[in-house]
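In full-length UniProt numbering, the protein residues as written are 1 to 360.
What follows is one structure encoded as structure tokens, with my remarks underneath.
Below, the structure written as structure tokens:
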């Protein structure tokens, strides 16, 4: 059987295969290019989103600080307004003072001005001199020269605005023993003033005043059956500690006092109660219980029991709430003195000291 001849066409199978492969290659290239583009776009979108978030945070931060700045500005404006008002008032006061000064200048005589200037100059010189003395003396308001290089811890309360020293100047201050007192009280006044016990009492006063605060006031009373101020005529007033000349006069005046007669605590305590203003610290220097009250004793001797009664009656006359610091130089034959004066010191929030014979 004879074969039939095939006719050739352009759309033969081989041609179609070639075309299919070509279209497949184009489609593959398109897919590859499309995928890479999407990846780049996505990466670019992430970068833009990060920048947007950063800008939003900066905007929020700026808004918060803008509010704070506005509040600060408001506060500053208020303070500026107050300051301007205060400055305006100060300027008005300055102008007013200038006007007063002008009036004073116009009415003040030139001679008065010169006199005031001279007085001011003298005050400046006195101040400079006082400062130089302060540097020499240190903290103490008065020099005290003792024996050797002793410095004792006393526990005494030496502070206060008004400090009162009460110094017993009765005959018992002539000696530590009764026989010495009896023998010495019949001697001359010069001998009495130079006895060891009395000199020690005066040295105690000198030491005490040297420890007083410079801005305080003081007074020194001596007492026996009566009382007097160390500087006669100053009983009704307080003396300034920073007046050293007056203080030296008070200490020197004690050298003229002669220990004599009995002891009346009630009289001196009543005198303290009448002081105006009252002291806020009392330092009592004595050697025993009192021998009489407001009136003299009837007999020549006073029993220990009676002396105790006189002491307690005298304490009742003391102003309340004032510390009493007691420096006791014990006298023989008076065993109750130490305990009673210690109780007085404790009850008044003061202190009690029975010093050795070489103190201060």
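Each residue gets a CB set at the ideal place from its N, CA and C atoms; glycine is no exception.
Would you list the one or two residues that DSSP bridges to residue i?
i: residue 352; result: 326
i: residue 220; result: 165
i: residue 228; result: 222
i: residue 281; result: 163
i: residue 286; result: 328
So what's residue i in DSSP terms, helix, strand or just coil?
i: residue 240; result: strand
i: residue 256; result: helix
i: residue 206; result: helix
i: residue 343; result: helix
i: residue 270; result: helix
i: residue 196; result: helix
i: residue 137; result: Note on residue 137: pLDDT 48, under 50, position unreliable in the model; no value is reported.
i: residue 292; result: coil
i: residue 20; result: helix
i: residue 298; result: coil
i: residue 235; result: coil
i: residue 275; result: coil
i: residue 172; result: helix
i: residue 177; result: coil
i: residue 183; result: helix
i: residue 304; result: helix
i: residue 265; result: helix
i: residue 212; result: coil
i: residue 309; result: helix
i: residue 334; result: coil
i: residue 122; result: helix
i: residue 316; result: helix
i: residue 357; result: coil
In its own chain, which residues sit with a C-beta less than 6 Å from the C-beta of residue i, not counting the 5 before and 5 after it?
i: residue 164; result: 219, 279 and 282
i: residue 202; result: 254
i: residue 162; result: 217, 238, 279 and 280
i: residue 18; result: none
i: residue 198; result: 173 and 259
For residue i, I'd like the list of residues in its chain whose CB is within less than 7 Å of its CB, leaving aside the five on either flank, ordered along the chain.
i: residue 149; result: Confidence at residue 149 is low in this model, with a pLDDT of 38, below 50, so its placement is unreliable and the value that follows should be read with caution. Excluding sequence neighbours, residue 149 sits near nothing in its chain.
i: residue 258; result: 189, 192 and 193
i: residue 351; result: 155, 156, 157, 325 and 345
i: residue 212; result: 141, 158, 163, 218 and 241
i: residue 245; result: none
i: residue 348; result: 322, 323 and 324
I'd like the list of long-range same chain contacts for residue i, defined as Cβ closer than 8 Å, with 5 residues on each side in sequence excluded.
i: residue 332; result: 176, 177 and 178
i: residue 296; result: 225 and 262
i: residue 85; result: none
List the whole-angstrom C-beta distance separating residue i from residue j, where the pair is believed to meet the contact cut-off of C-beta under 8 Å.
i: residue 231; j: residue 250; result: 5 Å
i: residue 330; j: residue 273; result: Actually they are not in contact, since the Cβ atoms of residue 330 and residue 273 sit about 27 Å apart, beyond 8 Å.
i: residue 328; j: residue 311; result: Not confirmed; about 13 Å, so no contact.
i: residue 290; j: residue 314; result: 6 Å
i: residue 214; j: residue 241; result: 6 Å
i: residue 185; j: residue 171; result: 5 Å
i: residue 266; j: residue 338; result: Rounded, the Cβ-Cβ distance is 20 Å, inconsistent with contact.
i: residue 168; j: residue 286; result: 4 Å
i: residue 221; j: residue 284; result: Their Cβ separation, rounded to whole angstroms, is 10 Å, which puts residue 221 and residue 284 out of contact at 8 Å.
Q. What are the start and end residues of each continuous alpha helix (DSSP H) run of 4 or more residues lying completely inside the stretch 45–109, in chain order?
A. No alpha helix (DSSP H) of 4 residues or more sits fully in the stretch 45–109.
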